[in-house]
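Read the structure below first, then the notes.
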Amino acid sequence: MSLKITQKITLGFAALVASILIVGGGGLAGNSNIYQKLNHITDYSLPILVVSYNQMIELQQANQNLYIALAEEDSTNIATSAKAFQLNLESFNLILKQQASLLADKPELSTTLTHIEQLSQDYQKQATAVLALHEARLNINRKVTEQELDLRSKADSISGWVQRYISNSKNGKAVIAARDMTRTLAKLQVQLINYKRFSDLTSLNEHIAPHKGELVTKYETFTKAEARANQIISLVAPVEAHFFEDEGLIDLYNQKQATLNNLNKQLSKTHVSLQQLSSATQEFIKYSKHETEGAEADAENANNLSRNLTTILLLSTVACALFIAFITVRSIRKPLAQFTAALSRFRKGDLTVSFNQERKDEFGELAESLNTVVSSQRQIIQEIAKGSEHLSEVAAGNSSISQQTTRAMSEQSKQLEMASAAAVEMESSVGEVANHSATTLDAVHQCESLSHQVDRNVDLTLRSIRDQAGAITNAVDVSNSLANYSTEIDAILETIHAIAEQTNLLALNAAIEAARAGDHGRGFAVVADEVRGLASRTRNSTDEIQEMIENMKGSIQEVVSVMENSYEQAQACVGHANTSQESLATMNESISNIRFLNTQIEDAAQQQLQAVQEVSTQLNSINHAAAETTEGAREAANGSEQLLAISNKQQDILKRFTL
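If you want it as structure tokens, here you go:
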């Protein structure tokens with residue numbers, strides 16, 4: 001099946017468009033894939049990684065607040081740090097819920113998050129227990145301090161009373177009993193001192209236990225020997241209680257040690273729980289980071305695939321375009337060369353040329369049309385050749401008749417030209433008179449018009465000068481008002497200057513008082529210096545403004561003087577303008593008389609000119625008719641000669657064609 005060239009070109013462009021669509025579709029598919037990968041990163045992987053890092057930060061801050069609370073001794077500060085710890089853990093658990101919502105479609109990761117949540121609850125439980133033990137330890141420490149102070153006070157009171165008693169008593173048996181009691185008290189105090197030095201609670205308990213009740217026994221012996229010993233009964237019993245009763249000092253030391261041991265154990269458990277929670281969180285962060293890196297790798301692979309696919313499709317499209325261009329050029333070049341050769345022969349006058357119309361494409365249709373044109377052109381040339389021969393014969397006869405007519409009309413034209421010249425000279429003389437009259441009248445009209453225009457301009461000038469004189473009067477009044485305003489501004493500036501001076505003095509006094517106050521007045525001294533500087537700048541500014549006002553007042557006085565001079569000159573101009581207006585009125589009357597006389601002269605000259613023009617017109621008409629007749633004969637002769645030349649030229653041209 002043979003296709004036309006337009007069909008081939010259409011199919012080629014259709015294939016090219018299809019290739020472009022394939023390239024565009026491949027690019028869109030690649031971009032869609034890349035977009036999906038990037039969305040996975042931005043909407044899934046990256047948010048999980050960010051919240052995981054935030055979760056780790058909250059956990060570390062919670063642990064930091066826990067240790068801050070453990071380092072505090074004040075209950076209020078401990079409560080503040082504990083609250084911060086709870087808030088951090090709440091943020092940690094809230095982030096867990098956010099992660100769970102992001103990972104709802106991954107059950108295995110949801111299990112991991114559940115495990116992290118359990119570890120978080122365990123860590124919170126352990127940390128709460130640590131804080132409770134820390135509070136208990138602080139309470140015990142406060143009790144120990146109070147008991148130590150109380151024991152020291154009571155022991156010192158007993159020792160002092162016994163020393164005074166020994167110094168004043170002559171009861172030897174009672175003195176010995178008193179010394180035994182104080183030695184027993186001293187032994188107990190020595191054990192406390194050793195405990196303070198070495199913190200050996202076991203040794204304290206071992207050395208204290210054998211002396212249980214000994215102090216009370218020694219006191220009772222002393223009481224039997226000395227009735228006045230009853231004075232210190234309120235001191236001995238509490239001291240004995242401090243050493244051997246529940247909630248006594250020794251018991252509190254044991255409670256303190258037990259609480260400290262429990263706190264250390266609980267801290268160990270808390271540390272283990274924290275390590276487990278941190279490890280689980282770190283593992284989840286590693287997974288999130290791995291997931292993000294995997295998503296980035298997938299996006300990069302999708303980008304590379306899209307780039308490679310687009311490159312391949314583009315190269316395929318270029319190859320398809322080159323192939324289509326090659327086929328199209330080859331189908332056009334050969335027949336086009338044949339038509340070019342045939343048209344070259346036709347351009348040289350060969351009317352026997354023929355185009356190949358057997359092709360079934362557009363070139364065949366074109367060949368058929370061109371063959372029709374060549375055939376028609378050949379017939380037209382043959383008919384022109386026949387007509388040209390007949391035209392040559394007719395042109396020769398017309399040329400001879402036209403030459404005879406031209407000679408006769410030339411003689412008649414010479415006679416008419418002589419009569420016409422005389423009439424023209426007369427018409428020229430009368431026309432010059434009329435022209436001069438008209439020119440004079442026009443000049444008079446122009447002069448009159450200009451005079452009226454000058455009168456109007458003088459009137460406008462007079463009005464303008466009067467308006468200017470009024471404006472100058474107003475300007476003088478405004479200048480006087482400005483001078484009054486500048487005087488008022490001077491008074492205001494004087495007041496501002498006085499205020500600035502007073503402000504400067506107040507700032508100086510404030511600076512002196514601030515210097516007397518020492519470091520406490522340093523900030524106030526800075527403010528006083530700024531106020532003094534502001535007052536100084538205000539004073540300088542008022543001086544400058546006052547100087548400018550003085551200059552302005554001088555300028556205003558000069559403006560008033562100039563305005564008054566301008567007003568006097570304007571009044572003088574009004575007088576001159578009135579005089580000019582009267583002179584112009586007199587001149588307008590004279591111009592009107594001249595215009596009337598010139599009008600009469602122009603009318604007489606126009607009547608003479610019309611009479612001469614009628615005679616000259618008749619002669620010119622006759623002469624013109626004769627000239628036209630002569631020219632017509634001459635043109636007829638020339639036309640016949642030209643027609644003969646054209647006929648000969650056509651004969652020469654027709655010889656160039658091959659029929």
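Counting from 1, one number per residue, gives the positions in the sequence shown under the UniProt record's numbering.
Idealized CB from N, CA, C, for every residue including glycine.
- Counting of Cβ neighbours within 10 angstroms places F85 among the buried residues, the total reaching 16 or more.
- The count of Cβ pairs closer than 8 Å, one atom from the stretch 208–224 and one from the stretch 267–283, stays below three, leaving the stretches out of contact.
- In this structure, DSSP gives L96 a helical state, which the three-state scheme calls helix.
- Closest in C-alpha terms to Q118, from the list L103, E146, V130 and L89, comes L89.
- Per DSSP, L138 is one residue of the alpha helix (DSSP H) stretching across P107 to N168.
- Collapsing the DSSP output to three states places D298 in a helix.
- Note on geometry: alpha-carbon atoms of N93 and T114 lie some 11 Å from one another.
- E389 and N638 have their C-alpha atoms some 19 Å from each other.
- With a contact defined as Cβ atoms closer than 8 Å, N54 and I95 qualify at about 6 Å.
- For L109, same chain residues with a beta-carbon under 6 Å away, outside a window of 5 residues either side, are L103 in chain order.
- Note on geometry: alpha-carbon atoms of E214 and G160 lie some 20 Å from one another.
- For F355, the three-state secondary structure derived from DSSP is coil.
- Here L133 is buried, its C-beta having at least 16 other C-beta atoms within 10 Å.
- Rounded to whole angstroms, the gap between the alpha carbons of I166 and V236 is 17 Å.
- Secondary structure note for I232: it is in no alpha helix (DSSP H), with a DSSP letter that is neither H nor E.
- DSSP places D200 in the coil class of the three-state scheme, outside both helix and strand.
- In this structure, L185 sits away from I250, with a CB-CB distance that is not shorter than 8 Å.
- Taken atom to atom, the span from the alpha-carbon of I193 to that of T202 is near 14 Å.
- With respect to T317, I9 sits apart: the two C-beta atoms are not nearer than 8 Å.
- In summary, M548 is exposed, with fewer than 16 beta-carbon neighbours lying within 10 Å of its beta-carbon over all protein chains present.
- With a beta-carbon spacing of about 6 Å, T112 and F284 fall inside the 8 Å limit used to define contacts.
- In the three-state reduction of the DSSP assignment, K224 falls in the helix class, which pools H, G and I.
- Per DSSP, reduced to three states, the secondary structure at E245 is coil, with no helix or strand assignment.
- Excluding sequence positions up to five before and after I208, its CB lies within less than 8 Å of the CB of L188, Q191, F243, F244 and I250, all in the same chain and listed in chain order.
- Judged by their CB atoms, A507 and V526 are not nearer to each other than the 8 Å cut-off.
- With a contact defined as Cβ atoms closer than 8 Å, N65 and S52 miss out at about 21 Å.
- Distances from the alpha-carbon of D246 to those of P210, K143, R634 and A155 put K143 closest.
- For A342, the three-state secondary structure derived from DSSP is helix.
- Ranked by Cα distance from L16, the first of C320, T439 and Y253 is C320.
- A straight line joining the alpha-carbon of E582 with that of D477 spans about 34 Å.
- With respect to the 8 Å criterion, A258 and G248 are not classified as neighbours on the basis of their beta carbons.
- One alpha carbon belongs to L131, the other to V175, and they sit about 53 Å apart.
- Burial state of E631 is exposed, judged by a 10 Å Cβ sphere holding fewer than 16 other Cβ atoms.
- Judged by beta-carbon spacing, E293 lies beyond the 8 Å limit of T6, meaning their Cβ atoms are not closer than that value.
- Closest by C-alpha distance to L305, out of A645, L28 and D652, is L28.
- Comparing alpha carbon positions, the residue from G12, R456 and R516 closest to F326 is G12.
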